[in-house]
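Residue numbers (the working numbering), protein chains in the order written: chain H, 5 to 117; chain B, 5 to 114. Cβ atoms here follow ideal geometry from the backbone N, Cα and C, with glycine treated the same way. Everything below concerns the one structure shown next.
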């Protein structure tokens with residue numbers, strides 16, 4: 005079955021540490037996205053990538069970094085510069101931007117301890 | 005700057021009733037309006053979507069009503085069931101830019 009796999013499902017991080025969230029898709033989608041979800045705030049775009057080796061900042065990119073070395077993979081690193089990283093992180097992909105909408109992964113819940 | 009405003013924040017409906025969630029947008033360039041359903045601990049899943057050249061789209065018990073002049077659209081869930089209890093997000097999209105509403109937590113009581 006095609007889909008998006010996010011791992012791990014739950015992640016705990018100590019303050020001051022960087023952590024990387026994995027996102028892999030086998031849908032042959034061109035574009036990939038990272039969103040942050042906080043209660044009552046909907047989904048906020050962190051970064052997106054339309055093609056390999058290219059990515060753009062979203063609305064809340066500060067404290068985050070990404071890479072897109074392969075079409076199938078779009079990992080997100082939450083750096084120590086992100087002051088409030090505890091949240092639910094969602095990865096999504098789309099075949100052609102603006103045409104088919106998004107397919108979402110199941111999310112990673114990051115907690116800073 | 006919230007480009008898509010969604011209401012209500014939470015909604016409680018009796019089984020068999022009609023659930024109505026409303027959204028309003030600002031950017032007239034938006035050309036795709038999806039609704040997503042999200043269960044706790046899961047990612048959102050596309051429920052139904054509409055383009056602005058259509059005023060209504062129905063899929064089973066789910067209907068989108070679209071008012072282009074008012075820049076508003078709504079989701080109607082007919083014969084609501086306890087299994088419909090979830091958070092619903094409206095969204096508006098143009099090119100590679102999708103903006104989400106803040107979400108509505110729907111509870112359907114048996």
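Going by other Cβ atoms of all chains shown within 10 Å of its Cβ, with 16 needed for buried, is residue 82 of chain H buried or exposed? buried
Closest by C-alpha distance to residue 21 of chain H, when choosing among H/67, H/77, H/76: H/67
How big is the Cα-Cα spacing for residue 24 of chain B and residue 41 of chain H? Using only the alpha carbons, I get a separation of about 23 Å.
What's the call for residue 43 of chain B, buried or exposed, on a 16-neighbour Cβ count within 10 Å? Of the residues assessed, residue 43 of chain B falls on the exposed side of the cut-off, its CB having fewer than 16 other CB atoms within 10 angstroms.
State the Cα-Cα distance for the pair residue 58 of chain B and residue 68 of chain B, rounded to the nearest angstrom. 10 Å
Could you have a look at residue 58 of chain H and say whether DSSP puts it in helix, strand or coil? Reduced to three states, the DSSP call for residue 58 of chain H is strand.
Could you name each continuous beta strand (DSSP E) segment of 3 residues or more that falls completely within the region 39 to 85 of chain H, going from the start of the chain to the end? 47 to 55, 58 to 61, 68 to 70, 80 to 82
By the 10 Å Cβ neighbour count, where 16 or more other Cβ atoms means buried, how is residue 24 of chain H classified, buried or exposed? exposed
In chain B, which residues lie with their C-beta within 7 Å of the C-beta of residue 77 of chain H? Neighbours of residue 77 of chain H on chain B: none; closest Cβ ~17 Å, over 7 Å.
Using a Cβ-Cβ cut-off of 7 Å, state whether residue 62 of chain B counts as contacting chain H. no
Use the C-beta contact count for residue 98 of chain H: other C-beta atoms within 10 angstroms, 16 or more gives buried, fewer gives exposed. buried
Residue(s) in a DSSP beta bridge with residue 112 of chain H: Answer is H/93.
I'd like to check one pair, residue 27 of chain B with residue 105 of chain B: are the Cβ atoms closer than 7 Å? yes
Determine the closest residue to residue 52 of chain H out of H/60, H/16, H/6, with distance taken between C-alpha atoms. H/60
If you count every other CB in all the chains shown that lies within 10 Å of the CB of residue 117 of chain H, and 16 or more means buried, which is it? exposed
Does residue 86 of chain B come out as helix, strand or coil in the three-state DSSP assignment? helix
Output, in chain order, the set of chain B residues within a Cβ distance shorter than 7 Å of residue 52 of chain H. 100
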